[in-house]
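Q: One structure, pasted below without further comment.
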Amino acid sequence: MDNVVIFFENKNFTFANQITISTAHGSRPHSITVGSFTNDDNPDIAVPNYGSNEIVVILNNGNGAFANRVNYSTCFASPYSIVAGDFNQDNRSDLIAINNGTNNTGLFLGSGNSTFGKSTMYSTGALSSISFAICDINKDHRLDIIMVSNGTGAVDILLGSFEGFETQIKFSAGSYPICVAVADFNNGTRLDIVVVNLGTNDVSVLLASINYIGFLKQSTLTTGNGSRPQSLVIDDFNHDSQMDLAVVNSGSYNIAIFLGYDNYSFVNPTILATGSEPMPIASGDFNNDTRFEVVVANYASRSVSIFLGYGNDSFTNQTIYSTGSDSYPYFVAVGDFNNDISLDVIIVIQYTNNIGIFLGYGNGTFSSITLIPMGYGSNPFVVLVGDFNNDTKLDFAVANSGTDSLSILLQTC
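Each number in the numbering used here comes from the position in the sequence shown (counting from 1) with 9 added on.
And the structure:
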């Protein structure tokens, strides 16, 4: 089964109507992105088909209906991730496909009338670029790509130009980097880079130079022997206008909070105990006190942990919410899904063919889980939260690895 499934949601988080859009047999769609490819402000869909070496564009008519798909070849490259953005400053959405096994990344320039040009491939020098960030790293008003490769331990930067990207720039990170993010950690004029290194049990922070593409220094934050850091989230947890880090350690079953100082340094971490094998993390204000909290999904203990922040350097002990028997949560995101001005939590659950929602009460507590079935054998593995039909309500995009399909869940109530 290779298709996109679109559901319409009613007040009880059940789904009534279903629209199925095929992505072609054997396509194995791996992720999803949205953008207005016709400049009509309707979020259109783009899907990378890993199995058929192509990307698929599906146009949104804005009324719950979608046009037939258009396929664009990536030649011999197998795309597994995709993102939309204006990469050549023509006010039209383009697409970047991150390819697996071919040492390159593909750029598809958009025309603004629903079509895209032939892909231009840019060498990355690494077969295993697995995490990336899109931003203007050098403040020239053009989007750049930052990627990490767990095979080479390198940070690869492709600088944007008017018609694509310039020569690649490389920087070293630690061993087996698995996650990359950007933020301004020193209140400078340029974004800095942070990389989670699974193999060396640490985090690399590359502080950007002000005058050129380079870095003043690289700081290494140790997460502990055998900690096996997996992911991170960046926020100002102690209200000092400095960005801080929360790093998930799957091997030591904890979160390390690194508070940032204005002298380009971080304090020793505050350690928060979690459940078994924590993996994804997200942050938000769960009790409406203007302070940031964190939520982490515990893969092996079948639960999520909520930590409420005091606005200084401390958090409450975890409050644990079960995700159900035989469930293995491994993706988490937050948003106000029922329009009550309180943040909720959504997770992806492996092996049970469900995603799950915890509704927030606005005081730091949550409901028990509401399961939303994705279909027999679907095995959902990632969810994207956004307003896909311009009705001011948050919708979900779910990628299903078991049935080679993608599901778009549109909230209508």
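A virtual CB, placed ideally from N, CA and C, is assigned to each residue, including glycine.
1. If I measure Cβ to Cβ from residue 200 and keep anything under 8 Å in the same chain, skipping five residues before and after, which residues do I get?
2. Does the Cβ-Cβ distance between residue 354 and residue 313 come in under 8 Å?
3. Going by Cα to Cα distance, which pick from 209, 351, 174 and 415 is closest to residue 95?
4. Might you give, ordered along the chain, the residues of its own chain that have their beta carbon closer than 6 Å to the beta carbon of residue 318, omitting 5 neighbours on each side?
5. Indicate whether residue 278 and residue 257 have their beta-carbon atoms separated by less than 8 Å.
6. Would the segment 261-274 and the segment 330-346 be scored as touching if the rule is three or more Cβ pairs under 8 Å?
7. Can you pull the DSSP bridge partners for residue 241?
8. Please give the ranges of any beta strand (DSSP E) in the segment 268-344, keeping only runs that are unbroken, at least 3 residues long and fully inside the region.
9. Can you give me the Cβ contacts of residue 195 inside the same chain, cut-off strictly under 6 Å, excluding the 5 residues immediately before and after it?
10. Under the three-state reduction of DSSP, which class applies to residue 382: helix, strand or coil?
11. Which of the three DSSP states is assigned to residue 409 in this structure?
12. Quick one: is residue 20 buried, meaning 16 or more other Cβ sit within 10 Å of its Cβ, or exposed?
13. Give, in chain order, every unbroken run of the alpha helix (DSSP H) that is at least 4 residues long and sits entirely within the segment 84-154.
14. Kindly indicate the opening and closing residues of the beta strand (DSSP E) around residue 53.
15. Nearest-angstrom Cα distance between residue 402 and residue 419?
16. State the Cα-Cα distance for the pair residue 409 and residue 59, rounded to the nearest angstrom.
17. I need the boundaries of the beta strand (DSSP E) containing residue 63, first residue and last residue.
18. So, for residue 45: in the same chain, excluding its five sequence neighbours on each side, which residues have a beta-carbon less than 8 Å away from its beta-carbon?
19. Does residue 371 get closer than 8 Å to chain B when you measure Cβ to Cβ?
20. When the Cα atoms are used, what is the spatial distance from residue 25 to residue 252?
21. Report all residues from its chain with a CB closer than 8 Å to the CB of residue 62; omit the five preceding and five following residues, and keep chain order.
22. Where does residue 119 land, buried or exposed, given buried means 16+ other C-beta within 10 angstroms?
23. Rounded C-beta distance between residue 293 and residue 352? I'm assuming under 8 Å.
24. For residue 236, which of helix, strand or coil comes out of DSSP?
25. With a cut-off of 8 Å on the beta carbons, I'd call residue 321 and residue 285 a contact; round off their distance for me.
26. Near residue 111, what residues of its chain come up, given a Cβ to Cβ distance below 6 Å and the 5 sequence neighbours on each side ignored?
A: According to the structure shown:
1. 144, 145, 146, 191, 192, 193 and 217
2. yes
3. 174
4. 246, 300, 301, 302 and 324
5. no
6. no
7. 256
8. 279-282, 287-293, 302-307, 312-316, 328-331 and 337-344
9. 216 and 273
10. strand
11. strand
12. Residue placement at residue 20 is flagged as unreliable, the pLDDT there being 45, under the threshold of 50; the coordinate-derived value follows with that caveat. With fewer than 16 other Cβ atoms within 10 Å, it is exposed.
13. none
14. 53-58
15. 8 Å
16. 13 Å
17. 63-67
18. 51, 52, 53 and 102
19. Judged by its chain identifiers, the structure shown contains no chain B, having just a single protein chain.
20. Confidence in residue 25 is poor, its pLDDT being 44 and thus under 50, which makes the residue's placement too unreliable to answer from.
21. 82, 83, 84, 85, 86, 87 and 88
22. buried
23. 5 Å
24. coil
25. Rounded, the Cβ-Cβ distance is 28 Å, inconsistent with contact.
26. 86
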